[in-house]
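K.L.:
In our numbering, the protein residues as written are 1 to 326.
Glycine residues also receive a C-beta, built at the ideal position from the N, C-alpha and C atoms.
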Amino acid sequence: MFNRLRRLRINSHLRNMIQENHLQIENFVYPLFIKFGENIRKEILSMPDVFQLSIDEAIRECGELLNLDIKSIIIFGIPETKDSVGSDSVCDSGIVARAVREIKKVYPEIFIITDLCFCEYTDHGHCGILTHEHNNIITVDNDLTLELSIQQALVQARAGSDMIAPSGMMDGIVETLRNGLDKNGFYNLPIMSYSTKFASGYYGPFRDVAESTPTFGDRKSYQMNPANRREAISESLIDAQQGADILMVKPALAYLDIVRDIRERTTQPIAVYNVSGEYSMLKMAGKLGLIDYERVLLETMISFKRAGADIIISYHAKEIAKILKK
Ligand code: PBG
Ligand code: ZN
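Laid out in structure tokens, this is it:
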């Protein structure tokens with residue numbers, strides 16, 4: 001039997017020559033969870049090898065990342081005190097602002113993305129400021145959250161953030177931030193929008209690390225229904241129109257069809273967030289010896305590239321770097 005495609009797979013060099021997608025460490029972003037204090041390196045039970053770090057430890061971690069050729073991080077802050085409006089996040093001495101300043105002092109070459117949201121900083125754990133609507137329903141006040149988001153973006157920008165990443169799924173957030181940043185002279189500061197973010201069970205372990213589980217209700221009014229494809233595409237297209245420099249799909253693995261859909265409809269670079277639940281599932285399966293961990297890990301990462309992602313935010317980034325260096 002004649003099979004043209006099979007003939008191309010027999011010789012391994014030829015197989016490599018025609019490989020369509022590749023993993024490069026430049027494409028990876030490593031998330032860091034930073035809190036006040038010193039000498040803190042607290043492992044998260046639900047996420048083996050992921051730690052809450054104090055700023056001094058985060059700086060040490062950045063040194064290690066640079067040694068591995070990982071040059072991009074995304075920062076999440078865990079404040080000392082939380083309140084109804086997330087004051088720590090809109091203050092120049094808040095945890096993220098301090099962390100960015102101190103990391104940049106030691107490693108100006110590291111590319112720092114700052115996640116912009118309120119859930120880690122509010123006592124109620126929602127991604128915005130709450131309001132009572134008619135019938136006494138408590139919801140996120142979108143427009144008030146937008147106003148405070150500009151403040152948070154400026155705090156991050158002044159501290160030295162290299163890219164702002166709004167993750168709260170507020171309507172109009174990209175346009176609002178773009179205008180606010182431009183007005184204040186930060187017109188070259190890019191925005192990577194969590195443009196298509198699903199209300200997902202895969203964020204479970206993250207909420208342990210970031211201490212951001214909502215104290216009541218869920219995020220379904222602002223995050224997307226996993227069953228919706230057309231809406232998922234629209235959400236990203238809207239952010240692209242508003243001026244998002246990079247779009248994002250989150251979570252990654254269960255939503256690769258959406259990555260491909262957006263890839264075919266925009267020219268913006270696309271990021272995927274390989275979220276905490278995806279990480280923990282793979283880690284645990286590896287620990288139990290159920291799978292060839294390294295093989296499944298690489299297979300998963302290349303699936304993101306194949307779907308059309310340029311950037312991969314992943315807790316696996318250090319492991320990938322080590323494998324790619326072999
Ligand atoms: C906050 C935020 C979340 C994640 C990134 N930014 C959590 C959420 O929406 O509950 C999830 C990341 C992960 O699970 O690894 N808006
Ligand atoms: Zn949030």
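1) Check whether the Cβ of cysteine 91 sits closer than 6 Å to any heavy atom of the ligand PBG, and report yes or no.
2) What would DSSP say about glutamine 52, mapped onto helix, strand or coil?
3) My guess is that tyrosine 30 and isoleucine 70 are in contact by the Cβ rule of under 8 Å, so how many angstroms apart are they, rounded?
4) Glutamate 120: buried (16+ other C-beta within 10 angstroms of its C-beta) or exposed?
5) Which two residues bound the contiguous alpha helix (DSSP H) that contains glutamate 102?
6) Compute every distance between the C-beta of cysteine 127 and the non-hydrogen atoms of the ligand ZN, then say whether any falls below 6 Å.
7) Would you say valine 209 and serine 161 are within 7 Å of each other, going by their C-beta atoms?
8) Can you say whether alanine 227 is buried or exposed, counting buried as having 16 or more other CB atoms within 10 angstroms of its CB?
9) Regarding serine 54 and the ligand PBG, is the C-beta to nearest heavy atom distance less than 6 Å?
10) Name the DSSP beta bridge partners of valine 29, please?
11) Go to leucine 247, then tell me how far its beta strand (DSSP E) extends in each direction, as first and last residue.
12) Closer than 6 Å to a non-hydrogen atom of the ligand PBG - does that hold for the CB of valine 174?
13) Expressed to the nearest angstrom, what Euclidean distance is found between the alpha-carbon atoms of leucine 5 and threonine 131?
14) Is glycine 351 near the ligand ZN, with its Cβ less than 6 Å from a heavy atom?
15) Measure the Cβ-Cβ separation of alanine 321 and isoleucine 25 and say whether it is below 7 Å.
16) Just tell me which of Ser167, Ser236, Gly243 has its CA closest to the CA of valine 275.
17) Return the chain-ordered list of same chain residues with a C-beta closer than 6 Å to the C-beta of proline 79, the five sequence neighbours on each side being excluded.
18) In this structure, how does DSSP classify histidine 132 when only helix, strand and coil are distinguished?
19) Starting from the N-terminal side, write out each stretch of the alpha helix (DSSP H) that is 4 residues or longer and does not extend beyond the region 157-193.
20) Under 6 Å from any heavy atom of the ligand PBG, does the C-beta of valine 275 make it?
21) Can you give me the start and stop residues for the alpha helix (DSSP H) that alanine 307 sits inside?
22) From this set, Thr266, Ile110, Val90, Ser212, which residue's C-alpha is nearest isoleucine 59's C-alpha?
23) Roughly how many angstroms lie between the CA atoms of glycine 125 and proline 190, to the nearest whole one?
24) Bridge partners for isoleucine 75 per DSSP, in chain order?
25) Based on DSSP bridge pairs, tell me the residues matched to arginine 41.
26) Please indicate yes or no: does the CB of serine 314 lie closer than 6 Å to some heavy atom of the ligand PBG?
27) Count the C-beta pairs between the region 242-259 and the region 268-286 that are closer than 8 Å, then say yes if the count reaches three, no if not.
28) Classify asparagine 3: buried if its beta carbon has 16 or more other beta carbons within 10 angstroms, exposed otherwise.
29) Mind checking alanine 240: buried by the 16 CB within 10 Å criterion, or exposed?
30) Within 10 angstroms of its Cβ, does serine 195 collect 16 or more other Cβ (buried), or is it exposed?
31) Going by Cα to Cα distance, which pick from Asp115, Tyr255, Gly172 is closest to leucine 32?
32) Taking 6 Å as the cut-off, is the beta-carbon of glycine 168 closer than that to any non-hydrogen atom of the ligand ZN?
33) Does the region 283-302 come close enough to the region 215-224 to have 3 or more Cβ pairs within less than 8 Å?
34) Sort Val140, Gly172, Gln52 by Cα distance to serine 193 and report the nearest one.
35) Is any heavy atom in the ligand ZN found nearer than 6 Å to the beta carbon of cysteine 62?
P.N.:
On the basis of the data shown:
1) At a threshold of 6 Å, cysteine 91 does not count as near the ligand PBG, since its beta carbon sits no closer than that to any of the ligand's heavy atoms.
2) strand
3) 5 Å
4) buried
5) 95-106
6) Flag set: Cβ of cysteine 127 near the ligand ZN.
7) no
8) With fewer than 16 other CB atoms across the displayed protein chains lying within 10 angstroms of its CB, alanine 227 is exposed.
9) No, since every heavy atom of the ligand PBG falls outside the 6 Å radius drawn around the Cβ of serine 54.
10) Ile313
11) 247-250
12) Within the chosen limit of 6 Å, the ligand PBG does not reach the beta carbon of valine 174 with any heavy atom.
13) 60 Å
14) Residue 351 lies beyond the residue range present for the chain, which begins at 1 and ends at 326; the question has no answer from this structure.
15) yes
16) Ser167
17) Asp88, Ile95, Tyr121
18) strand
19) 173-183
20) yes
21) Looking at the DSSP string, the run of the alpha helix (DSSP H) that includes alanine 307 is 293-307.
22) Ile110
23) 27 Å
24) Leu32, Thr114
25) Leu53
26) no
27) yes
28) With a 10 Å radius around the Cβ and a threshold of 16 neighbouring Cβ atoms, asparagine 3 comes out exposed.
29) buried
30) buried
31) Asp115
32) yes
33) No: fewer than three Cβ pairs fall under 8 Å.
34) Gly172
35) no
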